[in-house]
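Peer 1: Before anything else, here's the structure in question.
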Amino acid sequence: MAHEISHAMDSYNYNMFSYLFTSITAPRKYEYRADVRAVDYMVKAGYDPLGMIVALNRILDESRIWTILCSHPRGSLRLMHIYEYIYNKYPYFLVNSPYKNDPVYQNFLLTSRKQRIKLQKKIMEKNEALKDDTNEETL
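Taken in order, the sequence shown gives residues 1 to 139; the numbers are from our numbering.
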């Protein structure tokens, strides 16, 4: 629901013709943006954003939905993008969520293990680069 509200906000903030044109020419970008906004809306409303991963995991059957909604990013990519955003902006939900034990969320964690390891490495490398930059500035 929060994802669709985000799309509605886009159409409200721009004139409808501009919104329709841009959403057709770059749909995946706008889907990702709507997902990120949805996470923010959920947190602001007091909901656990991991619920979005669980809900999408339940409704996204990639083999069927992907062919129908080809403008939407593949489900696994979308879920990983949402997870990465939560990991960076709201990490406390990853530790303190009632969804930790949900079988659908556990399945996501199992199937996204390689992508999550890549994410952790990317963040560690970024932190190391920042540390190196800070050390150079103090010299």
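Ideal Cβ placement from N, Cα and C applies to all residues, glycine included.
None of the values given here were measured: they were computed from a predicted structure.
(1) Going by DSSP in three states, serine 76 sits in which element: helix, strand or coil?
(2) 7 Å is my cut-off, CB to CB: does lysine 44 come that close to chain C?
(3) How is aspartate 132 classed by DSSP in three states: helix, strand or coil?
(4) If you check the beta carbons only, do glutamate 84 and leucine 119 fall under 7 Å apart?
(5) Helix, strand or coil: which one does DSSP assign to aspartate 35?
(6) Would you check if the distance between the CB atom of valine 104 and the CB atom of valine 54 is smaller than 7 Å?
(7) Is aspartate 35 closer than 7 Å to isoleucine 82 when the C-beta atoms are compared?
(8) Which residue's Cα is closest to the Cα of arginine 28: Gly75, Asn57, Leu56 and Asn127?
(9) Is the beta carbon of leucine 50 closer than 7 Å to that of phenylalanine 93?
(10) What does the Cβ neighbour count give for alanine 38, buried or exposed, with the cut at 16 atoms within 10 Å?
(11) How far does the alpha helix (DSSP H) with glycine 51 in it extend, from its first residue to its last?
(12) How many angstroms separate the CA atom of glutamate 128 from the CA atom of lysine 114?
(13) Excluding the 5 residues flanking leucine 60 on each side, which residues of the same chain have their C-beta closer than 6 Å to its C-beta?
Peer 2: On the basis of the supplied data:
(1) helix
(2) As a matter of chain content, chain C is missing from the structure shown, which is built from one protein chain.
(3) helix
(4) yes
(5) helix
(6) yes
(7) yes
(8) Gly75
(9) yes
(10) buried
(11) 50 to 59
(12) 21 Å
(13) Gly75
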